[in-house]
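Take a look at the structure below.
Set out below in structure tokens:
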């Protein structure tokens, strides 16, 4: 095949893929915007014609402009467009969810003998009031400095000299289009108040390049730990200049566990603290970035307990294979906005909290310290985690 033929056939190979993507996009947007439109505007509300037309044009206009804002914002690293698109996504998700619930409530009212337009208007009012309340509360939860969640974890192989070792975990800070420099400083103050032996950041540090998020990331340099500050990459780094973040965290004084480990020793006993790149790293095309447990544990004493940092809970299968004692992960955000929780569980083995995956291996999944995209957290509060490791001896 000639070079010319190769160039000609490439669009044909890509065409069906883009066509499928376009079809999926149209279907998803039609549902996300169509269900709230049908509930609030159409249905049996019997609104006056000007109100019906205005509502229809509003939903149609926002639905048409949403993809442009999302692709221009996140694809082009434009913060204003990203903020608008992310907020719209959160609002329409809540309206979609409660419109579906409202339709079910409408069936109950129908069974009770309530006729339209009263029935549909009661449903519409309920959807609007509940959605507005949840969005205000969810925004407050997303923007506040995370609460501390305290968890004790017993590791049978942990030596008595390390009993009570404190590990502070932050993750998914997602420094992004909304300036959260003040929030970042608040997180640092809380972490420092915990007097941790180890502070870990398990990735998704930012959405944007280092030079875009310098001010928000700067407080990470002030975080204190008695023995070590350790960091691994998340999947979002691979859209935001991963190597730049690796180097910047090292510049701030953190140990980047880029498929490697360090040793923490206290009271004559030692703990291997290892880290692996995110599971998407190998497909990023970035030289040297991939998930490699063998490299991370190379040279480590197999008799010592291992604390592993890996961004996604799904990486627990490899942790079990390699005899890890405790894996720390983030990624899920605890679902961030109910009922997105259930979709997360189709991809990940854990949503949040401590879980056991073999006789030896445990997993702690954080709900995340920040948020991605929509500036809302609904029934999924953020957290700064303080894990206290306990010996069985």
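Numbering (UniProt numbering), first residue to last: 1 to 393. All C-beta atoms in this analysis are idealised placements derived from N, C-alpha and C, irrespective of residue type, glycine included. Note that the structure is predicted; figures quoted are calculated from it, not measured.
- Counted as a single uninterrupted DSSP element, the beta strand (DSSP E) harbouring residue 362 occupies residues 362 to 365.
- Taking a contact as a CB-CB distance under 8 angstroms, the pair residue 286 and residue 243 counts as one, their CB atoms being some 6 angstroms apart.
- Of 151, 313 and 45, the smallest CA-CA separation from residue 116 is found for 45.
- Between residue 127 and residue 158, the C-beta gap is not smaller than 8 angstroms, which leaves the two residues out of contact.
- A check of alpha carbon separations from residue 194 across 169, 211 and 216 identifies 169 as the nearest.
- Our two residues, residue 130 and residue 40, have alpha carbons roughly 13 angstroms apart in a direct line.
- In this structure, the straight-line span from the alpha carbon of residue 175 to that of residue 310 is close to 19 angstroms.
- If you look at residue 77, you'll find it isn't in any beta strand (DSSP E); DSSP assigns it neither H nor E.
- Distance from the CA of residue 354 to the CA of residue 16, rounded to the nearest whole angstrom, comes to 43 angstroms.
- Selection 288, 119 and 184 evaluated against residue 142 yields 184 as nearest (Cα-Cα).
- By the 16-neighbour rule on beta-carbons within 10 angstroms, residue 250 is exposed.
- Residue ranges of uninterrupted alpha helix (DSSP H) with 4 or more members, entirely inside the region 114 to 149 and ordered along the chain, are 118 to 143.
- When secondary structure is reduced to three states using DSSP, residue 86 falls in the helix class.
- In the DSSP secondary-structure assignment, residue 263 is bridged to 272.
- Sequence-distant partners of residue 177 (beyond 5 residues in either direction) whose C-beta falls short of 6 angstroms from its own C-beta, in its chain, are 79, 82 and 83.
- Classified as buried, residue 296 has 16 or more neighbouring CB atoms from the shown chains inside 10 Å of its CB.
- Runs of the alpha helix (DSSP H) spanning 4 or more residues and lying entirely within the region 303 to 379 occur at 316 to 321 and 341 to 344, in chain order.
- Around residue 59, the same chain offers 33 and 37 as residues with beta carbons nearer than 6 angstroms, after the five sequence neighbours per side are excluded.
- Put simply, the backbone Cα of residue 319 is about 40 angstroms away from that of residue 100.
- When rounded, the separation of the alpha-carbon atoms in residue 203 and residue 364 is 14 angstroms.
- Selection 198, 218 and 163 evaluated against residue 186 yields 218 as nearest (Cα-Cα).
- Under DSSP, the beta-bridge partners assigned to residue 154 are 390.
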